[in-house]
Amino acid sequence: MAPSTSIEEAKAELRREARARRDALPADMRAAAAHAIAARPFPISLTLKAIVSGFMPIGNEINPIPLMRNLAVLGAQLALPAIAGRGKPLTMRAFAFGQRLIPGTWGIREPAPEATEVFPDVLLVPLLAFDRSGHRIGYGAGYYDLTIAALRARKAITACGLAFAAQEIANVLTTPRDVRLDLVLTEREVIDCRAA
Numbered sequence: 031m032a033p034s035t036s037i038e039e040a041k042a043e044l045r046r047e048a049r050a051r052r053d054a055l056p057a058d059m060r061a062a063a064a065h066a067i068a069a070r071p072f073p074i075s076l077t078l079k080a081i082v083s084g085f086m087p088i089g090n091e092i093n094p095i096p097l098m099r100n101l102a103v104l105g106a107q108l109a110l111p112a113i114a115g116r117g118k119p120l121t122m123r124a125f126a127f128g129q130r131l132i133p134g135t136w137g138i139r140e141p142a143p144e145a146t147e148v149f150p151d152v153l154l155v156p157l158l159a160f161d162r163s164g165h166r167i168g169y170g171a172g173y174y175d176l177t178i179a180a181l182r183a184r185k186a187i188t189a190c191g192l193a194f195a196a197q198e199i200a201n202v203l204t205t206p207r208d209v210r211l212d213l214v215l216t217e218r219e220v221i222d223c224r225a226a
């Protein structure tokens, strides 16, 4: 068996375990975690008009909306991702609360195609599991790995995972296409992965 196949199989098992662990968290604990992250000062300074890309939560993902609302109040310009196609980076489109969203791939709400494409300074990144070195397990399609790599090729960005503390694992298996997060925010702490 090729090593990459065994890594992918191991990652698939990690995804199943991580999803089960996350989904076992009570709804009130998940809501409290999202508000705890939003209530803390954001760990990096944002210039006025900095572009922060959030995401619309699916399933039992941590809800980034309280944090996004707080960042908008501080002057950040918001964006949301849209899937451009398999094997392509996400397209980030400008977004403001109150704006109409449409169902995209897998029914995830996103700005309409006519919304302006933007290139965020900060990405809030969903995940299933993470480790303290900034590696993450996502859903397996690689969209965020491609997006973070493409944005880093353009300019300096901060990739910031949002997670429940219960989603931390000791070590995430990686492949050459996997990119690291700079920070992970949980309800308990801010984990700075840049020095790892």
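Under the numbering used here, the sequence shown is numbered contiguously, ending at residue 226.
Where a beta carbon is used, it is the ideal one built from N, C-alpha and C, also for glycine.
Chain-order list of residues whose beta-carbon lies under 8 Å from that of P232 (same chain, five-residue window excluded) = Outside the shown range of the chain, which is 31 to 226, sits residue 232, and nothing can be said about it.
task = Report yes if the CB atom of L120 is closer than 7 Å to the CB atom of Y173, and no otherwise.
result = Residue numbering aside, residue 120 sits at position 90 when the sequence shown is read from its first letter. Residue numbering aside, residue 173 sits at position 143 when the sequence shown is read from its first letter. Yes.
ask   = What number of angstroms, rounded off, separates the C-alpha of A48 from the C-alpha of A126?
value = Position 18 of the sequence shown holds residue 48. Position 96 of the sequence shown holds residue 126. Cα-Cα distance, rounded: 31 Å.
inquiry  = Helix, strand or coil for L192? Go by DSSP, reduced to three states.
reply    = Position 162 of the sequence shown, counted from the first residue, corresponds to residue 192. L192 falls in the strand class under three-state DSSP.
Rounded distance between the beta-carbons of R166 and L211, thought under 8 Å = For the purposes of this step, residue 211 is identified with residue 181 of the sequence shown, where counting begins at 1. For the purposes of this step, residue 166 is identified with residue 136 of the sequence shown, where counting begins at 1. Between R166 and L211 the Cβ distance is about 6 Å, and since that is below 8 Å, they are a contact.
task = Evaluate R207 with the Cβ neighbour count: other Cβ atoms within 10 Å of its Cβ, from every protein chain shown; 16 or more gives buried, anything less gives exposed.
result = Residue numbering aside, residue 207 sits at position 177 when the sequence shown is read from its first letter. It is exposed - the Cβ of R207 has fewer than 16 other Cβ atoms within 10 Å.
Backbone secondary structure at E140 - three-state DSSP = Counted from its first residue, the sequence shown places residue 140 at position 110. Residue state, collapsed to three classes: strand.
message = Just to confirm the assignment: which complete alpha helix (DSSP H) runs, minimum length 4, are found wholly within the stretch 139–179?
response = none
message = Report the CB separation of P141 from A114 in whole angstroms; it is logged as a contact under 8 Å.
response = Residue 141 sits at position 111 when you count from the first residue of the sequence shown. Residue 114 sits at position 84 when you count from the first residue of the sequence shown. So it is not a contact: roughly 13 Å between Cβ atoms.
task = Could you check what DSSP says for R116 in three-state terms: helix, strand or coil?
result = For the purposes of this step, residue 116 is taken as residue 86 along the sequence shown, with counting starting at 1. Here R116 sits in coil by DSSP.
ask   = Exposed or buried, what is A189 when buried is set at 16 or more other beta-carbons lying within 10 Å of its beta-carbon?
value = On the sequence shown, residue 189 is found 159 positions in, with the first residue counted as 1. With 16 or more Cβ atoms within 10 Å of its Cβ, A189 is classed as buried.
request  = Assign P133 to one of two classes, buried (16 or more other C-beta atoms within 10 Å of its C-beta) or exposed (fewer than that).
outcome  = If you number the sequence shown from 1, residue 133 lands on position 103. P133 is exposed by the Cβ-count criterion.
query = Start and end of the alpha helix (DSSP H) containing A57?
reply = As a working note, residue 57 is residue 27 in the sequence shown. Start and end: A57 to A69.
query = From the DSSP output, which residues share a beta bridge with R123?
reply = For the purposes of this step, residue 123 is taken as residue 93 along the sequence shown, with counting starting at 1. According to DSSP, which records beta bridges pairwise, R123 is partnered with L110 and E147.
request  = My understanding is that L176 touches R45, with C-beta atoms under 8 Å, so please give their C-beta distance in whole angstroms.
outcome  = Your numbering for residue 176 matches position 146 in the sequence shown. Your numbering for residue 45 matches position 15 in the sequence shown. Going by Cβ atoms, the distance from L176 to R45 rounds to 18 Å, so no, they are not a contact pair.
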